[in-house]
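Participant:
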Amino acid sequence: MTYPTAMVLQALAAGHRYGFEIATAVGLRPGAVYQILHRLEEARLVSGAWEDPREARSEGRPSRRYYRLGRAAEPLVTEARRRFPDLTAAPGREAFGAR
Amino acid sequence: MIGPKRPRWLAALARLVPEDRRGDWLREWHAELTRIAREAASSGAPFGRRIRVRLAAGLGAFEDALGMGRRARARATWLRDLRVAARGLWRSPSFTLVAVTTLALGIGANAAIYSVTRSALLRPLPFRAPEQLVDVRLSFQNRHSGAEHPIPASEPEFLELRADLGVDLAGYWTGDVNLGGAEQPLRVSAAFVTANFLDLLGAAPALGRGFRTGEDLPGNTGVVVLSHGLWIRAFAGDPGAVGREVTLNGRAVTVVGVLPEAFVFPERPVDLLQPNPLDPVAPGGRSSHYLTMIGRLEPGSTIAASQARATDLAARWSEEYPGRHGVSPDHPVTLVSLRESMVGEVRASLLLLLGVVGLVLLIASANVASLVLMRIEHRQPETELRLALGAGARGVARPFLAESAILAVVGAALGLAVAAGAIGVLERFGPAELTRLGKIRIDLAVLGFTVTATGLACLVFGLMPVASGLRAAVAGRLRDGVRTATGGTARARLRQALVVTEITLAVLLVIGAGLLIKSFAKLRAMEPGFDPAGVVTMDLSLNSTDYPDAAAVFGFHEALAERLERLPGVVAAGAIRVLPFTGTPGLESMKPADRAIDPDQYWNAQYQVVSPGTLEALGVPLLEGRGLTPSDRPGAPAVALVNRAMADEFWPGASPIGRTVKFGTPSTATPVLTIVGVVGDVRQSGYRAAGAPQIYLPRGQASAIYGGLGTRFATLVVRSALPPAAAMAALREVVRELDPRLPIANLSTMSRVMAGSVTDERFLAGLVAVFSGLALTLGAVGVGGIVAYAVERRTRELGLRIALGAGRSGILLGILRGALGLAVAGALGGTLLGLATARLLERHLFGVGTADPTVFLAAPLVLTAAALGAALLPAVRATRIDPIEAMRVE
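Line order of the protein sequences matches chains R and C. Everything in the first sequence is counted per this note's numbering, starting at 278 for the first residue and increasing by one. Everything in the second sequence is counted per this note's numbering, starting at 58 for the first residue and increasing by one.
#1: Using only the alpha-carbon positions, how far apart do P64/C and A291/R sit?
#2: Put M595/C into one of helix, strand or coil per three-state DSSP.
#3: Measure the beta-carbon distance from L329/C to V280/C and round it to whole angstroms, keeping in mind my assumption that it falls under 8 angstroms.
#4: At what residues does the beta strand (DSSP E) containing F249/C begin and finish?
#5: Under DSSP, the beta strand (DSSP E) around V736/C begins and ends at which residues?
#6: Consult DSSP for L861/C and reduce its assignment to one of helix, strand or coil.
#7: Measure from the alpha carbon of V523/C to the alpha carbon of each residue in A747/C, F828/C, A454/C, M399/C, then state which is nearest.
#8: With 9 angstroms as the C-beta to C-beta threshold (strictly closer), list the residues of the stretch 282-310 of chain R near chain C in chain order.
#9: Determine, using beta carbons only, whether P694/C and T671/C come nearer to each other than 8 angstroms.
#10: Kindly indicate if chain C contains any beta-carbon less than 8 angstroms away from that of R331/R.
#11: Evaluate W66/C with the Cβ neighbour count: other Cβ atoms within 10 Å of its Cβ, from every protein chain shown; 16 or more gives buried, anything less gives exposed.
#12: For K948/C, name the three-state secondary structure that DSSP assigns.
#13: Under a Cβ-count criterion, where at least 16 other Cβ atoms within 10 Å of its own Cβ denotes burial, should L289/R be classed as buried or exposed?
#14: As a quick exercise: from Q189/C, P337/C, N661/C, pick the residue whose alpha carbon is nearest that of T359/C.
#15: Report the option in G223/C, A113/C, R745/C, P917/C whose CA atom is closest to the CA atom of A582/C.
#16: With the cut-off set at 8 angstroms, would you say H346/C and L316/C are in Cβ contact?
#17: Any C-beta of chain C sitting closer than 8 angstroms to the C-beta of S340/R?
#18: Which same chain residues, not among the five before or five after L902/C, have their C-beta less than 8 angstroms away from its C-beta?
#19: Against chain R, with Cβ distances strictly below 8 angstroms, would V539/C count as a contact?
#20: Closest to L236/C by C-alpha separation, out of L930/C, V503/C, S598/C, L392/C, would be which residue?
#21: Going by DSSP, name the residue or residues bridged to W327/R.
#22: Hey, I938/C and G856/C are a contact pair by Cβ (cut 8 angstroms); roughly how many whole angstroms apart?
#23: With M811/C and P589/C assumed to form a contact (beta carbons below 8 angstroms), what rounded beta-carbon distance in angstroms separates them?
#24: Kindly indicate if chain R contains any beta-carbon less than 8 angstroms away from that of A68/C.
#25: Terminal residues of the continuous alpha helix (DSSP H) containing M703/C?
#26: Counting only C-beta atoms, is R937/C closer than 8 angstroms to chain R at any point?
#27: Tell me the rounded alpha-carbon separation between E622/C and D817/C.
#28: If I measure Cβ to Cβ from A860/C and keep anything under 7 angstroms in the same chain, skipping five residues before and after, which residues do I get?
#29: Report yes if the C-beta distance between Y280/R and G296/R is below 8 angstroms; otherwise report no.
#30: Interface residues of chain C around R316/R at Cβ under 9 angstroms?
#31: Can the beta-carbon of M807/C be found closer than 8 angstroms to that of T594/C?
#32: Return the CA-CA distance between R308/C and E615/C, expressed in angstroms with no decimal places.
#33: Mapping DSSP to helix, strand and coil, what is H435/C?
#34: Would you call the CB atoms of Q751/C and V733/C closer than 8 angstroms?
#35: Pull up the CB-CB distance for P337/C and M399/C, whole angstroms please, since I reckon it's below 8 angstroms.
#36: Taking its Cβ as the centre, do 16 or more other Cβ atoms sit within 10 Å of A542/C, making it buried, or is it exposed?
Have a look at this one:
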């Protein structure tokens, strides 16, 4: 498991749900995060689902795709935490400074 | 659509994403980019930073699209490669068939032997904390040969060991008994155990109870625990069997429990357990050795600590009973882990077989590797074209690797089927130890082993030739236009190396098989001391209620002898206490009664009890004096026959006829026996048995001589001119007429009894022979294949030579010379390897040295001949090449 994959897994486990949120939380390039998310999704370790369009409409933006860890990913998260501990304990960064 | 319009560049980028995911991808990135744009607008950050963030987001989309596209293409390529490979294999049925069969046999042999090894060696013993269980053995040293062999303990020895060893100790002995009171009378195997036996093993009965403390005191032993098998067989699995009264050898006992199905008796399967009467206050004689011992170490205690105490105790024995014990001074009492004692014997054979099948798989892999290599060469033009068109090394290797992967998977699947079949055969014909701990199964571990073995084989037959073959293909492209007759030298060398390796390993295996087969043949050719042809045998045990005393037992045997003699075709008939090749009769201490000898010296001989006609039926030659006759009855002067070994040892240089011998010690109240005849030595316990002193007592006088022990048990021996089946039927009929309640047991021919005594040796020699035959075939096929290929490649050249007037015999010899070179190189390598490793076989060999010249000469010759034979066909084909046709071959 690579370091970026471990970070993405831990971010998902910590409750971050979509690509840019994860990217800003762990400080990785959005492209790298999406690649990892899509690879995990192809391997059925992560599942993506569309946000309720009504919610998006109420905020006047397109629906987001939210990612959730699948059950099969649980051992991977444990492994990620073992090998790269406390990544999610680090303060998240936002693209434009303060959250 | 919510939010701003989707940018066109994003839609263009989406083309990189595989179609099935394109829609989602677009929507997702549109949402993200929209969010970034809005956040940038509302963040108040400087313009440069806003642009940088939006640019980074756009690049992210690009990166993601590229990645998804690349992965999809890789998947599609692999799928396409597999499809192409499968089609290619389908179109070359002979290549596929040979490769898959070779792999399946190699993998199957490995999976089967590994399954057997796992079941027989690696499974935990089915007892509580089995690592604490030990086999406690007394070792007896033969005064004459110095050889040591284990003997059971006597009652006083058992009690002293139990008190001193610091080990919980149980004892048992096994024998056959007549079971009555069930559906029908049955001859069953029984273990007579100390009352703590089941508790010590930690085996709780599935039904009822085990034995209670004190149930092994004389007079209290009227209880019995059934095995699961007997409970099903004799009581149809009726839970009401517990509490029922049955008879054992005519004596009433109560069934108190039934053992669980998984219970395994340590030494051999038994049908029931009964307490063995043992009085701790007044134990039996010190020279009556019959209790086999199992101990349980205290938790935390070690074998070594208990071993030290046992050695001290044995030292005390030899002081207190000097010259009496005969226990070995070096290993008087030995503690061995129970696992070692249960599976130690079969372990060596199985580990050897694992090595053998490992080599077979290596040979199979080398064979397939050389086939794959030829295939690569065959398709070199295609490969070169692909390289020329810009395919990378990985690209051109992939189709071949895909073929190897398919071969491996199909080979492994078929291999498991082969293993399943082989396991059935092994269970049926292999030694009983293989299934001692339960049925042989193909489980997850075996699957794991198979996958690993296949993976390793795949490295040999898949990667190696592909890597080497393609290197040559690249080189071939560089030397564009240059055509060599037999393809690249590197490839040719690899191919030759593979074939030489195959032959080397095959010679090694054939040497191993040759040594084992020769050893087995030597064993079977050992003169047993009797003539088994035409002899049928049957076990007999008379109940103590129906035959309460020695007179009744003798009466039965007299009546039986009379009826047997009247049977048409019967040459001679009798009954013997322990049939040769089924075990050792006890050693009894005895001394010449008419010579002054050192009172502390320990003399002994195996004693047999026979009725008149027994030795004649077995065909044991009478060398001197007379045989036993019906007049050697109770009350008549006590006589005995001795064998040659006993005559030479007790009365060296003199005739023993008319000399006397006394059982036990001078103070024992046994009559003095007069020797009336000398017979030949019989290998009592089997082919390997050395000539030991043996004495034969007449059945009618045995009880007067040593108190009637064991006279109820006997094996009938009948020599007849009838076919075995007819003789056995007649024997059964005669016994039934005399006493219909007697169970018939172990009705067999003497030859079959003898064959059964070498099951282990036959198993090992047979399997190694089968595997080496396989290796030999593969090796020969390998040589044949390489020659055929070379002929095909050289068609043009050979045709030219024929056209130029070369003699056909010259061509034939030239091709055969090439094959001979490979065969000789392999044969030489195999012989050297054999000389270096044959020591591993030493413990399995009998009467054959590990450097047996016949075997070491024959094995390489056989392989060379087989290789030349395989090369002959393509070589002859080469001589028939039509020069005109050959010129047209590209």
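Note that CB positions come from ideal geometry on N, CA and C, so glycine has one too. Treat the numbers as computed from the prediction; the structure is a model and nothing was measured.
Facilitator: In brief:
#1: Along the second sequence, one-based indexing puts residue 64/C at 7. Along the first sequence, one-based indexing puts residue 291/R at 14. Computed Cα separation, rounded: 33 angstroms.
#2: Along the second sequence, read from residue 1 onward, the residue named residue 595/C stands at position 538. Reduced to three states, the DSSP call for M595/C is strand.
#3: Position 272 of the second sequence, counting from 1, holds the residue named residue 329/C. Position 223 of the second sequence, counting from 1, holds the residue named residue 280/C. Taking 8 angstroms as the upper bound for CB-CB distance, L329/C and V280/C are not in contact here, some 11 angstroms apart.
#4: Looking up residue 249/C in the second sequence gives position 192. First-last of the beta strand (DSSP E) with F249/C: 243-250.
#5: Taking the second sequence and counting its residues from 1, one reaches residue 736/C at position 679. Counted as a single uninterrupted DSSP element, the beta strand (DSSP E) harbouring V736/C occupies residues 729-736.
#6: Within the second sequence, numbered from 1, the residue matching residue 861/C stands at position 804. Coil, per DSSP.
#7: On the second sequence, residue 523/C is found 466 positions in, with the first residue counted as 1. The shortest Cα separation from V523/C among A747/C, F828/C, A454/C, M399/C belongs to A454/C.
#8: Answer in chain order: Y295, G296, F297, A300, R306, P307, G308, A309, V310.
#9: Your numbering for residue 694/C matches position 637 in the second sequence. Your numbering for residue 671/C matches position 614 in the second sequence. For P694/C and T671/C, no; Cβs fall outside 8 angstroms.
#10: As a first step, residue 331/R must be located in the first sequence, where it is residue number 54. Under the Cβ distance rule, R331/R does not count among the residues neighbouring chain C, no pair being separated by less than 8 angstroms.
#11: On the second sequence, position 9 is the one that residue 66/C refers to. The residue in question, W66/C, is exposed, as its Cβ has fewer than 16 Cβ neighbours within 10 Å.
#12: Residue 948/C lies beyond the residue range present for chain C, which begins at 58 and ends at 947; the question has no answer from this structure.
#13: As a working note, residue 289/R is residue 12 in the first sequence. By the neighbour-count criterion, in which 16 or more other beta carbons inside 10 Å mark a residue as buried, L289/R falls on the buried side.
#14: What you label residue 359/C is simply residue 302 of the second sequence in a count that begins at 1. Nearest C-alpha to T359/C: Q189/C.
#15: The residue labelled residue 582/C in the question sits at position 525 within the second sequence. Considering only alpha carbons, the answer is R745/C.
#16: If you number the second sequence from 1, residue 346/C lands on position 289. If you number the second sequence from 1, residue 316/C lands on position 259. Against a cut-off of 8 angstroms, the Cβ pair of L316/C and H346/C comes out as no contact.
#17: As a position in the first sequence, residue 340/R is number 63, starting the count at 1. For S340/R, the nearest CB of chain C lies under 8 angstroms from its own CB, placing it at the interface with that chain.
#18: As a working note, residue 902/C is residue 845 in the second sequence. Closer than 8 angstroms at Cβ, skipping near neighbours: L572, L573, S576.
#19: Start at 1 with the first residue of the second sequence, and residue 539/C comes out as number 482. Caution is warranted here: a pLDDT of 44 is assigned to V539/C, below 50, making its placement in the model unreliable, and the coordinate value is therefore given only provisionally. No, V539/C lies away from the interface with chain R (no Cβ there is under 8 angstroms from its Cβ).
#20: As a working note, residue 236/C is residue 179 in the second sequence. Comparing alpha-carbon positions, the option among L930/C, V503/C, S598/C, L392/C lying closest to L236/C turns out to be S598/C.
#21: Here residue 327/R refers to the residue found at position 50 when the first sequence is read from its first residue. Note: W327/R sits in a beta bridge opposite R342/R.
#22: Taking the first residue of the second sequence as 1, we reach residue 938/C at position 881. Taking the first residue of the second sequence as 1, we reach residue 856/C at position 799. At roughly 5 angstroms, the Cβ-Cβ gap stays under 8 angstroms, so I938/C and G856/C are in contact.
#23: Counted from its first residue, the second sequence places residue 811/C at position 754. Counted from its first residue, the second sequence places residue 589/C at position 532. Rounded to the nearest angstrom, the Cβ distance from M811/C to P589/C is 6 angstroms, consistent with a contact under 8 angstroms.
#24: Taking the first residue of the second sequence as position 1, residue 68/C is located at position 11. Chain R places no beta carbon closer than 8 angstroms to that of A68/C, leaving this residue out of the contacts.
#25: For the purposes of this step, residue 703/C is identified with residue 646 of the second sequence, where counting begins at 1. For M703/C, the uninterrupted alpha helix (DSSP H) segment begins and ends at 701-707.
#26: For the purposes of this step, residue 937/C is identified with residue 880 of the second sequence, where counting begins at 1. For R937/C, the answer is no, since every Cβ of chain R falls outside 8 angstroms of its Cβ.
#27: Residue mapping note: residue 622/C aligns to position 565 of the second sequence, counting from 1. Residue mapping note: residue 817/C aligns to position 760 of the second sequence, counting from 1. Those two C-alpha atoms are separated by around 37 angstroms.
#28: Looking up residue 860/C in the second sequence gives position 803. Correct list, in chain order: P940.
#29: Here the question's residue 280/R lines up with position 3 in the first sequence. Here the question's residue 296/R lines up with position 19 in the first sequence. With respect to G296/R, Y280/R sits apart: the two C-beta atoms are not nearer than 8 angstroms.
#30: Here the question's residue 316/R lines up with position 39 in the first sequence. Going along chain C in sequence order, the residues near R316/R (Cβ under 9 angstroms) are G124, M125, R128.
#31: Locating residue 807/C in the second sequence gives position 750, where the first residue counts as 1. Locating residue 594/C in the second sequence gives position 537, where the first residue counts as 1. Going by C-beta atoms, M807/C is nearer than 8 angstroms to T594/C.
#32: Working through the second sequence from its first residue, we reach residue 308/C at position 251. Working through the second sequence from its first residue, we reach residue 615/C at position 558. Distance from the CA atom of R308/C to the CA atom of E615/C, rounded to whole angstroms, is 24 angstroms.
#33: Position 378 of the second sequence, counted from the start, is the residue given in the question as residue 435/C. In this structure, H435/C counts as helix in the three-state DSSP scheme.
#34: Within the second sequence, the letter at position 694 stands for residue 751/C. Within the second sequence, the letter at position 676 stands for residue 733/C. No.
#35: Within the second sequence, the letter at position 280 stands for residue 337/C. Within the second sequence, the letter at position 342 stands for residue 399/C. Contact flag wrong, Cβ pair sits at about 28 angstroms.
#36: If you number the second sequence from 1, residue 542/C lands on position 485. Per-residue confidence for A542/C stands at a pLDDT of 41, beneath the threshold of 50, marking its modelled position as unreliable; no derived number is given.
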